[in-house]
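**Student:** Please read through the structure below; I'll follow up with questions.
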């Protein structure tokens, strides 16, 4: 019924002489018909001004001659209509498929950011074989995310880093549980990296932060959050090594790390951080933390009021040792505090 309605609708449009429908064997616009008729009259020598004007006026908006139309009715018409639609869809599909292949080729050659995950089960991430062949398919990538790569091992990450080397600017390997300090050591092949996320990698230790501080001199943002209370694998020693090597740090995420304390936090604040997230860090005590922020980030303004010269944002949610008076003291320094 839908096809019959569309068929009838198109027949009405054709009756106005505006478009051509494939249900006719042959058809053309009424104006082109009038031009052809004028040419025929001119060639045959029958050039009477009155008859020419009348024939032109009558043919300008008339329908084509009867041989141009061939109507089909009944079941034959329905079959013809369905075949016509099928041919149109086949043509459209062929063009779309060609465009899709061409677009995929262009997109893969110009892509700058990739998020890798399992085709059928996104929570599983990708595998080592995908990482080994990534460079050939996406040669210009700058940002790679291998989130929840349960099947990813050190070999896959090392192959990825070796293929992109200085080209890679951002890497997210969070929640890749099989990775060890050996994979982080391979970051020495990517000295241009600016953003790094190794949160939730339960097998990493302070040695990884030492490798990062030694190799990633241009690092600006790092996330080393812990998503489990039993995964306290970073301490003040690792933070000290990180801060001593990465002098351009601007943003650090330490959520859930209960082993970080005063010395490590002070080393990070001395780097001139703009954003620090300590959500769920139960080892952060309000008194020494406020004093550390004042001593490392505070500077007197023109009116003698102490303001933070670099630190702009603090996330202290679920920090049980931070009280309201500590939050007020931090906000008086001009810092946006989430608590």
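Numbering (my numbering), first residue to last: 306 to 644. Glycine is no exception: its CB is placed at the ideal position from the N, C-alpha and C atoms.
(1) Per DSSP, what kind of secondary structure is residue 633 in: helix, strand or coil?
(2) Apart from the five residues on each side of it in sequence, which residues of its chain come closer than 8 Å, Cβ to Cβ, to residue 470?
(3) May I ask you to list the residues that DSSP assigns as paired with residue 450?
(4) Would you please state the rounded distance, in angstroms, between the beta carbons of residue 653 and residue 480? I believe it to be under 8 Å.
(5) Among the candidates 578, 624 and 596, whose CA atom is the shortest distance from the CA of residue 525?
(6) Between 468, 445, 416 and 418, which lies nearest to residue 436 when the distance is taken from Cα to Cα?
(7) Let me check understanding here. Comparing Cα to Cα, which of 564, 617 and 615 lies closest to residue 529?
(8) For the putative contact between residue 540 and residue 511, defined by C-beta atoms under 8 Å, what is the C-beta separation to the nearest angstrom?
(9) With burial defined as no fewer than 16 other Cβ atoms inside 10 Å of the residue's Cβ, what is the status of residue 532: buried or exposed?
(10) For the putative contact between residue 476 and residue 501, defined by C-beta atoms under 8 Å, what is the C-beta separation to the nearest angstrom?
(11) Determine the DSSP secondary structure at residue 628, reduced to helix, strand or coil.
(12) Just how far apart, CA to CA, sit residue 584 and residue 628?
(13) In whole angstroms, give me the CA-to-CA distance for residue 509 and residue 538.
(14) The beta strand (DSSP E) spanning residue 502 covers which residue range?
(15) Of all the options 464, 438, 433 and 445, which has the alpha carbon lying nearest to the alpha carbon of residue 418?
(16) Considering residue 595, what are the terminal residues of the beta strand (DSSP E) in which it resides?
(17) What residues in its chain sit with their C-beta under 6 Å from that of residue 466, if we drop five residues either side in the sequence?
(18) Can you tell which of 602, 549 and 472 has the C-alpha that lies nearest to the C-alpha of residue 580?
(19) Exposed or buried, which one is residue 634 when buried takes at least 16 other CB atoms within 10 Å?
(20) Alpha carbon to alpha carbon, how far is residue 472 from residue 545? Give it in angstroms, no decimals.
(21) I'd like the list of long-range same chain contacts for residue 548, defined as Cβ closer than 6 Å, with 5 residues on each side in sequence excluded.
(22) Which value, in whole angstroms, describes the spacing of the CA atoms of residue 440 and residue 457?
(23) Am I right that residue 613 and residue 639 are in contact with their C-beta atoms under 8 Å? What's the rounded C-beta distance?
(24) Could you name each continuous beta strand (DSSP E) segment of 3 residues or more that falls completely within the segment 550 to 589, going from the start of the chain to the end?
(25) From residue 433 to residue 483, what does the alpha carbon distance come to, in whole angstroms?
(26) Between which residues of its own chain and residue 522 is the CB-CB distance below 8 Å, once the five residues before and five after are set aside?
(27) Relative to the C-alpha of residue 438, which candidate in 464, 449 and 448 has its C-alpha closest?
(28) Can you tell me the Cα-Cα spacing of residue 443 and residue 431, whole angstroms?
**Tutor:** So, to answer that:
(1) Of the three classes helix, strand and coil, the one that applies to residue 633 here is helix, per DSSP.
(2) In chain order, 494 and 495 place their CB closer than 8 Å to the CB of residue 470, counting only its own chain and leaving out the 5 sequence neighbours on each side.
(3) Answer is 420 and 477.
(4) Only positions 306 to 644 of the chain appear in this structure, which leaves residue 653 out of reach.
(5) Residue 578 is the option with its Cα nearest to residue 525.
(6) Among 468, 445, 416 and 418, the Cα nearest to that of residue 436 is on 468.
(7) Of the candidates 564, 617 and 615, the one whose C-alpha sits nearest the C-alpha of residue 529 is 564.
(8) About 6 Å separates the two Cβ atoms, so the contact holds.
(9) The residue is exposed, with fewer than 16 neighbouring Cβ atoms inside 10 Å.
(10) Confirmed, Cβ separation roughly 6 Å.
(11) Of the three classes helix, strand and coil, the one that applies to residue 628 here is coil, per DSSP.
(12) Approximately 14 Å between the Cα atoms of the pair.
(13) Using only the alpha carbons, I get a separation of about 7 Å.
(14) That run of the beta strand (DSSP E) goes 500 to 502.
(15) Ranking the options by Cα distance to residue 418, first place goes to 445.
(16) Per DSSP, residue 595 is not a residue of any beta strand (DSSP E); the alpha helix (DSSP H) it occupies stretches across 591 to 602.
(17) Taken in chain order, the residues that qualify are 491, 494 and 495.
(18) When each option's Cα is compared against that of residue 580, the closest is 602.
(19) Flag for residue 634 reads buried.
(20) Taking the Cα positions, residue 545 is about 28 Å away from residue 472.
(21) If we look at residue 548 and ignore the five residues flanking it on each side, its Cβ neighbours are 572, 573 and 576.
(22) For residue 440 and residue 457, the distance between alpha carbons rounds to 17 Å.
(23) Contact between residue 613 and residue 639 is confirmed by a C-beta separation of about 5 Å, below the 8 Å threshold.
(24) Runs found: 556 to 558 and 580 to 582.
(25) Cα-Cα distance, rounded: 12 Å.
(26) Within the same chain, residue 522 has close Cβ partners 496, 550, 551, 552 and 553.
(27) If you compare the alpha carbons of 464, 449 and 448 with that of residue 438, the shortest gap goes to 464.
(28) Spanning the two alpha carbons is a distance of roughly 16 Å.
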